[in-house]
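Per full-length UniProt numbering, residue 1 is the first one in the sequence shown, and the count goes up by one each step.
Here is the structure we will look at.
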Amino acid sequence: MIVNTNLKYQLKKLLSITRNSKFLTGANKKFIHKHSYFYTKTQSSENSQLKTEKRPWNVLFFGTDDFALESLRKLESSYRSNKLISRLEIVCSYKGDENGIIKFSREHKIKLHSWPVSFSLSNFDIGVIVSFGHLIPAWIINAFPLGMINVHASLLPRWRGAAPIIYSLMNGDTQTGVSIMKIIPKKFDIGDILAQKIVDIHPDETQPELYDKLSKIGANLLIETIENLPHVLKSAKPQSETNVTYAPKITRKLSSVNWNELSAKNLYDIQRALTGIYPLITNYNGEKMKIFGIKLLNNPSDKSITSQITPGLMMFDKKLNLLIVQCKDGNWISVEQVSLANRKKMSAKEFYNGFLSRKKNRVVLKYSSD
Numbered sequence: 001m002i003v004n005t006n007l008k009y010q011l012k013k014l015l016s017i018t019r020n021s022k023f024l025t026g027a028n029k030k031f032i033h034k035h036s037y038f039y040t041k042t043q044s045s046e047n048s049q050l051k052t053e054k055r056p057w058n059v060l061f062f063g064t065d066d067f068a069l070e071s072l073r074k075l076e077s078s079y080r081s082n083k084l085i086s087r088l089e090i091v092c093s094y095k096g097d098e099n100g101i102i103k104f105s106r107e108h109k110i111k112l113h114s115w116p117v118s119f120s121l122s123n124f125d126i127g128v129i130v131s132f133g134h135l136i137p138a139w140i141i142n143a144f145p146l147g148m149i150n151v152h153a154s155l156l157p158r159w160r161g162a163a164p165i166i167y168s169l170m171n172g173d174t175q176t177g178v179s180i181m182k183i184i185p186k187k188f189d190i191g192d193i194l195a196q197k198i199v200d201i202h203p204d205e206t207q208p209e210l211y212d213k214l215s216k217i218g219a220n221l222l223i224e225t226i227e228n229l230p231h232v233l234k235s236a237k238p239q240s241e242t243n244v245t246y247a248p249k250i251t252r253k254l255s256s257v258n259w260n261e262l263s264a265k266n267l268y269d270i271q272r273a274l275t276g277i278y279p280l281i282t283n284y285n286g287e288k289m290k291i292f293g294i295k296l297l298n299n300p301s302d303k304s305i306t307s308q309i310t311p312g313l314m315m316f317d318k319k320l321n322l323l324i325v326q327c328k329d330g331n332w333i334s335v336e337q338v339s340l341a342n343r344k345k346m347s348a349k350e351f352y353n354g355f356l357s358r359k360k361n362r363v364v365l366k367y368s369s370d
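Laid out in structure tokens, this is it:
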């Protein structure tokens, strides 16, 4: 945008004295009212364009957990080389125990700020957000000449929200990925896409495994994006508003097994998604039971099994030395261990010896709504 040099000079001079309004004539006030927004936006655009062409950049990083830590490690490495990043500081939201981000900042002597932000952002070019969990106010976003970018663990617009890895596994997705997007005010995960990388999901992959894999892939993609920042900012693409899915924060309720609604594959995928977070919960004779080590089972060896489908029917398979449970679709899962309230974990055989052998090796598990 071209602005007349004389007009720019007049505006700059007049704006410098707006705090002392008694020196302004009525004509000057009208002049400022008409043109000051135009001037400010023009200056911002010019500054942004100027900054975009330079490197290394001054980066302010926002993150809270181990997923974010992988990206921080990559940024710190680039900062030490001083070729891509000339300044690096951290904003972290934390309560109670020290997290990995705080520990890393102390070990590597990186300046740490607590959330919410209460310091000047004028010395930073760009903000980088990874697994932060807070909606960023417009004034913070707009304070960075290059804006703010975010590493998100899905192929947006699929799985917008706080728990994309969990929902991709829980829904049996065979592919996921990482997206680098621009942050915009007021809403999560709807900004323009700067870069994406597709990642295959192994049929037996669990949440901790996929979490670790995507954190590393996301960190590498972040550095690639920053290395090509002028180009990717200019070529950013809006997200499609078709096929949008959401991944809100999870609750313990997701771990309660409703045998009348879930197929064996559904149940296995839920276990993969909640591994390391919540064990699956069912109801055994009115008592809460946790089940561990679920696997899909093709052919139970027990000859007494009929073609009748009884969701939740649990037996001990003596040949496999495992508990087996029938699901809604008639297929079976095997269970390695269980625990009842206030009791330690038991192997499948221990549970059979203590509970099922007296009941003719049959019990129907129920839905636990707690």
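Every residue gets a Cβ at the ideal spot worked out from N, C-alpha and C, and that includes glycine.
Around the Cβ of D189, a 10 Å sphere holds 16 or more other Cβ atoms; the residue is buried. Taking all protein chains in view, the Cβ of T282 is crowded by 16 or more other Cβ atoms within 10 Å, so the residue is classified as buried. Taking a 10 Å sphere around the C-beta of I165, we find 16 or more other C-beta atoms and assign the residue as buried. Counting only the Cα atoms, P185 lies some 25 Å from S215.
Between A153 and G63, the beta carbon gap of about 13 Å keeps them out of contact (Cβ cut-off 8 Å).
Along the UniProt domain "Formyl transferase C-terminal" (249-355), the alpha helix (DSSP H) occurs as fully enclosed runs of 4 or more residues at 264-274, 348-351, listed in sequence order. Unbroken beta strand (DSSP E) runs of no fewer than 3 residues, entirely contained in the UniProt domain "Formyl transferase N-terminal" (123-226), are found at 126-130, 148-152, 175-182, 193-200, following chain order. Following the DSSP letters along the chain, one finds R87 inside the beta strand (DSSP E) bounded by residues 85-92. Judged by pairs of C-beta atoms under 8 Å, the segment 159-175 does not touch the segment 76-83, as fewer than three such pairs exist. At least 8 Å separates the beta-carbon of F132 from that of S168. Membership of S77 in the alpha helix (DSSP H) is indicated by the continuous run 66-81. I291 is positioned such that its CB atom lies closer than 8 Å to that of L280.
Contact between F316 and N361 holds: CB atoms are separated by about 6 Å, below the 8 Å threshold.
According to the DSSP assignment, S105 belongs to the alpha helix (DSSP H) that extends over 100-107.
V59: member of the beta strand (DSSP E) spanning 57-63, first to last residue. Residue state for V364 is assigned as strand, using DSSP reduced to three classes. Excluding sequence positions up to five before and after G330, its CB lies within less than 6 Å of the CB of I309, all in the same chain and listed in chain order. Between the segment 117-132 and the segment 55-69, the count of Cβ pairs shorter than 8 Å is three or higher; the stretches touch.
Assignment of S114 by DSSP, reduced to helix, strand and coil, places it in the strand class. Per DSSP, the continuous alpha helix (DSSP H) segment holding K234 begins and ends at 229-234.
If you draw a straight line from the Cα of N142 to the Cα of I183, it is about 10 Å long. Here S256 has I281, Y367, S368, S369 as same chain residues with Cβ atoms under 7 Å from its own Cβ, once five neighbours each way along the sequence are excluded. Nearest C-alpha to V335 among K187, I136, L297, A247: L297. As computed with DSSP, K237 is found in a beta bridge with I193. Short of 6 Å from the beta carbon of L313, and not among the five residues preceding or following it, lie these beta carbons of its own chain, in chain order: Q326, V364. The alpha carbon of P230 has as its nearest neighbour, out of L320, D269, A195, L267, the alpha carbon of A195.
In this structure, S71 and L233 do not form a Cβ contact; the two beta carbons are roughly 18 Å apart against a cut-off of 8 Å. Between the C-alpha atoms of W115 and M181 there is a straight-line separation of about 22 Å.
Spanning the alpha carbons of L320 and S301 requires a straight line of approximately 8 Å.
Each residue's CA atom was taken as its position, placing L69 and I101 some 6 Å apart.
A Cβ-Cβ contact shorter than 8 Å links V244 with P157.
Relative to A341, the option among S240, I226, M289, W332 whose CA is nearest is M289.
Exclusion of the five residues before and after D173 leaves I201 as the residues of its chain whose Cβ lies within less than 7 Å of its Cβ.
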